[in-house]
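Asks: Here the sequence shown is numbered in this note's numbering, starting from 95 and rising by one per residue.
Glycine is no exception: its CB is placed at the ideal position from the N, C-alpha and C atoms.
A single structure is presented below for examination.
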Amino acid sequence: MSALEEISRQIQRLVEIMARLRTDEHAAAQDGRFDYTVDDVSFDVRMSVLPIMHGENVVLRLLARHARRFPLEELGMQNTDLERVHRAMKNPHGMILSTGPTGSGKTTTLYAMLQVLNEPEVNIMTIEDPVEYSIPHIQQTQVNQQKNLTFATGLRSIVRQDPNIIMVGEIRDEDTASIAINAALTGHLLLSTLHTNDAATSFPRLTDMGIEPFLLASSMRVVIAQRLVRSICASCRASYLITKEEEHALKQDPILMQEALRVWDKKDFSQMTLYHGVGCVSCNKSGFAGRTGIFEVLEMDAALRPLVTQKASSDVIGLKALEQGMHSMMHDGLLKVVAGVTTLDEVLRVIRT
């Protein structure tokens, strides 16, 4: 073993001790956490250890205890989408879902909505795994599997605590989904997340969990599907003409090609101006600084409700939602490309996953 490998293992053991993990366990996955302060800034550090072929893979996730929370208006939603979300939040009861894969910003969106809803006279309670940030005046509970405090058991208890608004970190199973729907139908505004690729797929996903379609149609207010893309660095952003490779990537997918021509109001891609970051000191030569979201916001209305009740496919529901004014994530991403917010490569990377 080299000196560097030995030092790395010693550091790993030290951090495992801080996270209260077993230093002699090398065959099982372990998760832990600890607090750490640097220059008067407190961090909640999440540690994940996974056995791999030739050792262990260690990931540390840093969460600043008092990190700046993003206003809803700064997440990247178009004005029409913001209006739909605000309408949904004004309802005294019903369900608001944020959907997407892991790392797509769903929890940030929920926190942004809670920030808007957080009023002194409103009792807001959450069940999370884990609690990402502590929010003043909101009662937050963390899942504890060892104590049988799951999303389902925690949510069942929260309903008895007379809340006005409930946030469930994630709907993972039939039990949690059933309690959440019932809460949304009995005088509570309920916010949660779900793992689906787009907004319309949320409905068959929940019916697969055993939720009756008519209950979904009655309780759902809005579904927000999203992805995160890197933002072009404002200090070194530069325009350029679309490359042959980018044209080819667009033309490979007929639906994407037609959407791009429509959104960009072009007959073809010749002389199309796009943007990228050339790299500078501000962005550490990466060309990117920060991230923004691309969204599609499906608002339940009289046209969609019968389709959900009849268990229509996600394709049928999605097409009807587009007819009713919903913009797809692809549409939103392409708007941000032509506006110089992000690059075409970034949008293609996330909408194809």
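Got a sec? Which residues, its chain only, sit under 6 Å from G248 by beta carbon, not counting five neighbours each side?
Replies: Correct list, in chain order: I221 and T235.
Asks: Out of K360, C327 and R331, state which residue places its alpha-carbon closest to the alpha-carbon of E341.
Replies: Closest option to E341, Cα to Cα, is K360.
Asks: Under three-state DSSP, which class holds R250?
Replies: Here R250 carries a helix assignment [DSSP, helix/strand/coil].
Asks: For the beta strand (DSSP E) containing L279, list its first residue and its last residue.
Replies: That residue, L279, is in no beta strand (DSSP E); its alpha helix (DSSP H) goes E268 to L279.
Asks: Taking 8 Å as the cut-off, decide whether the C-beta atoms of A328 and A383 are in contact.
Replies: yes
Asks: If I follow the unbroken beta strand (DSSP E) through T193, where does it start and stop?
Replies: Unbroken beta strand (DSSP E) run through T193: G188 to T193.
Asks: Taking C-alpha atoms, which residue in L416, R385 and S286 lies nearest to T193?
Replies: S286
Asks: Looking at Q320: is its Cβ nearer than 8 Å to the Cβ of K200?
Replies: Their beta carbons are under 8 Å apart, which means Q320 touches K200 by this criterion.
Asks: Go through its chain and collect everything with a Cβ distance to K430's Cβ below 8 Å, but skip five positions before and after it.
Replies: G170, V323, T386, I388, T436 and V441
Asks: Going by alpha carbons, who is nearest to Q52 out of D125, R114, L310 and V152?
Replies: Residue 52 is absent from the model: the chain starts at 95 and stops at 447.
Asks: What's the gap between the Cα of G457 and the Cα of L157?
Replies: Residue 457 is absent from the structure shown; the chain starts at 95 and stops at 447.
Asks: Which whole-angstrom value is the C-beta distance of M314 and M394, which I expect to be below 8 Å?
Replies: The C-beta distance from M314 to M394 rounds to 5 Å, short enough to meet the 8 Å contact threshold.
Asks: Using only CA atoms, which one of N291, L283 and T244 lies nearest to D269?
Replies: T244
Asks: Could you tell me the distance, in whole angstroms, from the CA atom of D223 to the CA atom of M147?
Replies: Whole-angstrom Cα-Cα distance: 29 Å.
Asks: Assign T295 to one of three DSSP states: helix, strand, or coil.
Replies: coil
Asks: Leaving out five residues on either side along the sequence, give the residues of the same chain with a beta carbon under 7 Å from the beta carbon of V216.
Replies: N258 and I259
Asks: Can we say the stretch 359-375 touches the stretch 298-310, given the rule of at least three CB pairs closer than 8 Å?
Replies: no
Asks: Between the Cα of L288 and those of F308, V317, G304 and L279, spot the shortest distance and give me the residue it belongs to.
Replies: V317
Asks: Scan the stretch 214-259 and note each continuous alpha helix (DSSP H) run of 4 residues or more that stays entirely inside, going in chain order.
Replies: 245-253
Asks: Using the three-state DSSP reduction, which class does R443 fall into: helix, strand or coil?
Replies: It is helical.
Asks: Verify whether the separation of the beta carbon atoms of L115 and Q124 is less than 8 Å.
Replies: Taking 8 Å as the Cβ cut-off, L115 and Q124 qualify as a contacting pair.
Asks: Assign L428 to buried or exposed, taking buried as 16 or more other Cβ atoms, counted over all protein chains shown, within 10 Å of its Cβ.
Replies: buried
Asks: What does the Cβ neighbour count give for H282, buried or exposed, with the cut at 16 atoms within 10 Å?
Replies: buried
Asks: Could you give the C-beta distance for M189 and L211, rounded to a whole number, given that I count them as a contact under 8 Å?
Replies: No, M189 and L211 are not in contact; Cβ-Cβ is about 14 Å, not under 8 Å.
Asks: Tell me the DSSP bridge mates of Y205?
Replies: For Y205, which the question treats as bridged, DSSP gives no partner whatsoever.
Asks: Distance, Cα to Cα, T203 vs V262?
Replies: 13 Å
Asks: Whole angstroms are fine: how far does the CA of Q240 sit from the CA of I265?
Replies: Approximately 19 Å, taken between the alpha carbons.
Asks: Which same chain residues, not among the five before or five after V237, have their C-beta less than 8 Å away from its C-beta?
Replies: I221, E222, D223, P224, L243, T244, F245, G248 and G263
Asks: For H425, which residues from the same chain have a beta carbon less than 8 Å from its beta carbon, with the 5 sequence-adjacent residues on both sides left out?
Replies: E353, V357 and E390, listed in sequence order.
Asks: Grab me the residues of Q172's own chain with a C-beta within less than 7 Å of its C-beta, minus the 5 sequence neighbours each way, in chain order.
Replies: Non-local beta-carbon contacts of Q172 in its own chain, meaning distances under 7 Å to residues more than five positions away in sequence, involve H421 and D426 in chain order.
Asks: Is DSSP giving S96 helix, strand or coil here?
Replies: coil
Asks: Tell me which residues share the same chain as A343 and place their Cβ nearer than 8 Å to its Cβ, disregarding the 5 neighbours each side in the sequence.
Replies: L438 and L442
Asks: What residues in its chain sit with their C-beta under 8 Å from that of E150, if we drop five residues either side in the sequence?
Replies: Only Q106, H120, V143 and L144 meet the Cβ criterion.
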